[in-house]
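Engineer:
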Amino acid sequence: MDESKLELKVGALVLAAVVGAVGLLLLMGEISLGKSASLTVDFAHTGNVVRGAPVKLGGVPVGRVSEIALVPERRDARGSVMPVKMTLSLSKEALLSLRADASVTVNSQGPLGEPYLELNPGQAQGAWPEGTALRGTDSPRIDLVSQQLARFLEASSKVLEDDPDALRRLVTGVSGLTHTVDGMLIENKDEVRQIAQELAATAKDLRALSATARAQLEPGGKGARLIDDVSSVTAQLKTDVPALSKQAQTALTGIAAVTGSFTPDDGVKLKAALARYAAAGEKLDSLAGRADRILAKLEAGDGTLGAAMKDKQVYDDLKGLLSDLRAHPWKVFWKD
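Here the sequence shown is numbered in this note's numbering, starting from 1022 and rising by one per residue.
(1) Could you give the residue range of the beta strand (DSSP E) that holds S1087?
(2) Please report how far the alpha carbon of V1102 lies from the alpha carbon of F1064, in whole angstroms.
(3) Quick check on the DSSP output: what are the complete alpha helix (DSSP H) runs of length 4 or more inside the segment 1127-1189, in order along the chain?
(4) If you draw a straight line from the C-alpha of T1067 to the C-alpha of S1129, how long is it?
(5) Express the C-alpha separation of P1285 and A1301 in angstroms, rounding to a whole number.
(6) Flag this pair as yes or no: are the beta carbons of L1109 and G1143 separated by less than 8 Å?
(7) Should the segment 1089-1101 be regarded as contacting the segment 1118-1137, the criterion being three or more beta carbon pairs within less than 8 Å?
(8) What's the C-alpha gap between A1187 and L1165?
(9) With DSSP as the reference, label P1363 as helix, strand or coil.
(10) With three or more beta-carbon pairs closer than 8 Å as the criterion, would you say the segment 1154-1173 touches the segment 1079-1096?
(11) What are the boundary residues of the beta strand (DSSP E) that includes S1057?
(12) Can G1147 be considered in contact with the ligand SAM, in the sense that its beta carbon sits closer than 7 Å to one or more heavy atoms?
(13) Kindly identify the DSSP beta-bridge partner or partners of K1026.
(14) Along the alpha helix (DSSP H) that carries V1213, what are the first and last residues, could you check?
(15) Where does the unbroken beta strand (DSSP E) through L1116 begin, and where does it stop?
(16) So if DSSP puts V1192 in a beta bridge, which residue, or which two residues, is it bridged to?
(17) From A1234 to L1227, what distance separates their C-alpha atoms?
(18) Alpha carbon to alpha carbon, what distance is there between I1163 and G1079?
(19) Quick one: grab the DSSP three-state call for V1076.
(20) Rounded to a whole number of angstroms, what is the C-alpha to C-alpha distance between L1238 and A1224?
(21) Is S1057 near S1118, with beta carbons less than 8 Å apart?
(22) Starting from S1266, follow its DSSP beta bridges and name the residues at the other end.
(23) Does DSSP put V1125 in a helix, a strand or coil?
(24) Assign V1262 to one of two classes, buried (16 or more other C-beta atoms within 10 Å of its C-beta) or exposed (fewer than that).
(25) Please confirm whether W1149 and R1190 have their CB atoms less than 8 Å apart.
(26) Using 8 Å for Cβ pairs, my map puts V1070 next to P1161. What's the rounded Cβ distance?
(27) Express the C-alpha separation of D1313 and A1293 in angstroms, rounding to a whole number.
(28) State yes or no: is the C-beta of L1138 within less than 8 Å of the C-beta of V1086?
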């Protein structure tokens, strides 16, 4: 009986330990009972993020890094090496909150804390396409910075070894330059103040110009209407230019077909015909000039016909003669 009680107590203790461990894992986020979704993130370097590292959104844990894979041959659109592929296990709500401009950065919990991934959901209208890999923002690599700093210190040490007075001359030059600039500012403080005022006025004008341009480019503004008109004209040109080009091509083909059969003799004949047309045109111009001069004399009353046109008595006599001839046409042949 005592042995059975002891086994029961041991079993209860083991069960309590298991329940406590599971509860602790739930509190730490190691185990999630809700539905999860996967998101793939590409990095050039892990940034010391390990498998199981937390993923946060706005500082709130929303998932874990479930897998880290190495793909050495992979490149991004710009040709940069992207060998690290991380698969994140996120809550469904966190994945649905990501926009088209979402980003992922490597952060750490304090200066010496554990690295984790921070999700920035973005502000774009469209949602992040499901199944598309997200380009992560690589964290600065301390090892590369240390190497560059070491190379800089090594180069500086070499310069000082080759020329020990270089540093002293550099400090002296900087001090002299500072003194010169300070003296110039003191001597020309009024001009400097005026320049500062003009720069402030220019900045104010630029702000006003920017506000005006922004107002003009808003829907309904002149700038927006101008852009719309240019867009419509461009669209119309895109529609009309191919048809006009086709018509021009047809016309050129017809001209080529007509002129293709011309011989050198035909060219000579065509030149002679054009010369005759030019001479005929000159004669017509001469005749037109003479006619203008005759009409001018008639209007001025010069000559017999002009005088007859200007003299009303002659006009009345001619009118009476014509009327009499219409009434008695036989008078043209004989008199009474």
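All C-beta atoms, glycine included, are put in the ideal place defined by N, C-alpha and C.
Structural biologist: Looking at the coordinates:
(1) S1087 -> beta strand (DSSP E) spans V1081 to L1091.
(2) The straight-line gap from Cα to Cα measures roughly 9 Å.
(3) Runs of the alpha helix (DSSP H) inside the segment 1127-1189: 1163-1183.
(4) Between T1067 and S1129, the C-alpha separation is close to 13 Å.
(5) Their backbone Cα atoms lie some 24 Å apart in a straight line.
(6) The beta carbons of L1109 and G1143 sit no closer together than 8 Å.
(7) At 8 Å Cβ cutoff, the stretches do not touch.
(8) C-alpha separation (whole angstroms): 28 Å.
(9) Lying before the first or after the last residue shown, residue 1363 is absent from the chain, which here runs from 1022 to 1357.
(10) Not touching, per the Cβ criterion.
(11) It spans S1057 to F1064 - the beta strand (DSSP E) in which S1057 sits, taken as one unbroken run.
(12) In the structure on display, the ligand SAM does not appear, and there are no ligands present to speak of.
(13) Paired residue(s): none; K1026 is not in a bridge.
(14) Start and end: K1210 to L1238.
(15) From DSSP, L1116 is part of no beta strand (DSSP E) but of the alpha helix (DSSP H) over K1113 to L1117.
(16) Bridge partners of V1192: none, in fact.
(17) Between the alpha carbons of A1234 and L1227 lies a distance of about 10 Å.
(18) In this structure, the alpha-carbon of G1079 lies about 26 Å from that of I1163.
(19) Strand, per DSSP.
(20) Cα to Cα, the separation comes out at about 21 Å.
(21) Cβ atoms of S1057 and S1118: not closer than 8 Å.
(22) Beta-bridge pairing links S1266 to no other residue.
(23) In this structure, V1125 counts as strand in the three-state DSSP scheme.
(24) V1262 is exposed by the Cβ-count criterion.
(25) Judged by their CB atoms, W1149 and R1190 are not nearer to each other than the 8 Å cut-off.
(26) The Cβ separation is near 14 Å, so there is no contact.
(27) Note on geometry: alpha-carbon atoms of A1293 and D1313 lie some 30 Å from one another.
(28) It is a contact, given that the beta carbons lie within the stated cut-off.
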